[in-house]
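Asker:
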Amino acid sequence: MASARPQAPPPAGRGWRRLVRAATFGLLNPGPSAVQREEAELETAVRIPLRGNYKVGVLGKGGVGKTSVAASVGSILAELRQQDRVVAIDADTAF
């Protein structure tokens with residue numbers, strides 16, 4: 128028979144919620160905030176295995192930050208999808 132005791136929320140990773148848990152030696156655990164739960168859900172979605180090869184293009188007018196955005200997206204994908212290869216190519220013809 129299943130236990131009627133509710134599951135404790137996972138500990139918060141940062142902010143005042145983490146401080147409360149640490150200060151009370153784990154007696155009070157407010158759990159992660161809504162923002163932290165949403166971030167965890169997004170990270171889980173990004174880490175889902177994909178089949179095949181995918182190419183992402185970053186397009187826009189000159190001087191709007193395409194290179195910075197492409198580098199940031201590549202960095203985040205490389206961090207979250209460590210089992211995959213991430214390659215960034217700057218195909219700027221004015222280079």
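Numbering follows the working numbering, in which position 43 of the sequence shown is assigned residue number 170; successive positions increment by one, without gaps.
No residue lacks a Cβ here, since even glycine has one placed at the ideal position from N, Cα and C.
Decide if R144 is buried, meaning its Cβ has at least 16 other Cβ atoms within 10 Å, or exposed.
Answerer: Position 17 of the sequence shown, counted from the start, is the residue given in the question as residue 144. Classification of R144: buried, given that the 10 Å Cβ count is 16 or more.
Asker: So, is P176 buried or exposed, given that buried needs 16 or more other C-beta atoms within 10 angstroms?
Answerer: One-based indexing of the sequence shown puts residue 176 at position 49. P176 comes out exposed.
Asker: Please report the distance separating the alpha-carbon of L155 from that of G140.
Answerer: Taking the sequence shown and counting its residues from 1, one reaches residue 155 at position 28. Taking the sequence shown and counting its residues from 1, one reaches residue 140 at position 13. Computed Cα separation, rounded: 14 Å.
Asker: Excluding the 5 residues preceding and the 5 following G201 in the sequence, name in chain order all residues of the same chain whose CB lies nearer than 7 Å to its CB.
Answerer: As a first step, residue 201 is located in the sequence shown; it is residue number 74 there, counting from the start. Same-chain partners within the cutoff: V213, A215.
Asker: So, are the CB atoms of R208 and V173 less than 8 Å apart?
Answerer: Residue mapping note: residue 208 aligns to position 81 of the sequence shown, counting from 1. Residue mapping note: residue 173 aligns to position 46 of the sequence shown, counting from 1. Result yes, Cβ atoms of R208 and V173 sit closer than 8 Å.
Asker: Report back the beta-carbon spacing between G158 and P137 to the nearest angstrom; my notes put them in contact at under 8 Å.
Answerer: Position 31 of the sequence shown holds residue 158. Position 10 of the sequence shown holds residue 137. The distance from the Cβ of G158 to that of P137 is about 6 Å, consistent with a contact at the 8 Å cut-off.
Asker: May I have the straight-line CA-CA distance separating G142 from R148, to the nearest angstrom?
Answerer: Here residue 142 corresponds to residue number 15 of the sequence shown, with the count starting at 1. Here residue 148 corresponds to residue number 21 of the sequence shown, with the count starting at 1. One C-alpha to the other measures close to 10 Å.
Asker: Comparing alpha-carbon positions, which option in T171, V191, A197, G192 lies nearest V183?
Answerer: For the purposes of this step, residue 183 is identified with residue 56 of the sequence shown, where counting begins at 1. Ranking T171, V191, A197, G192 by Cα distance to V183 puts A197 first.
Asker: Note down the Cα distance separating D217 from T194, rounded to an integer number of angstroms.
Answerer: For the purposes of this step, residue 217 is taken as residue 90 along the sequence shown, with counting starting at 1. For the purposes of this step, residue 194 is taken as residue 67 along the sequence shown, with counting starting at 1. Approximately 7 Å between the Cα atoms of the pair.
Asker: Taking the alpha helix (DSSP H) that G153 belongs to, which residues open and close that run?
Answerer: The residue you call residue 153 lines up with position 26 of the sequence shown. Segment: none, G153 is in no alpha helix (DSSP H) and carries neither H nor E.
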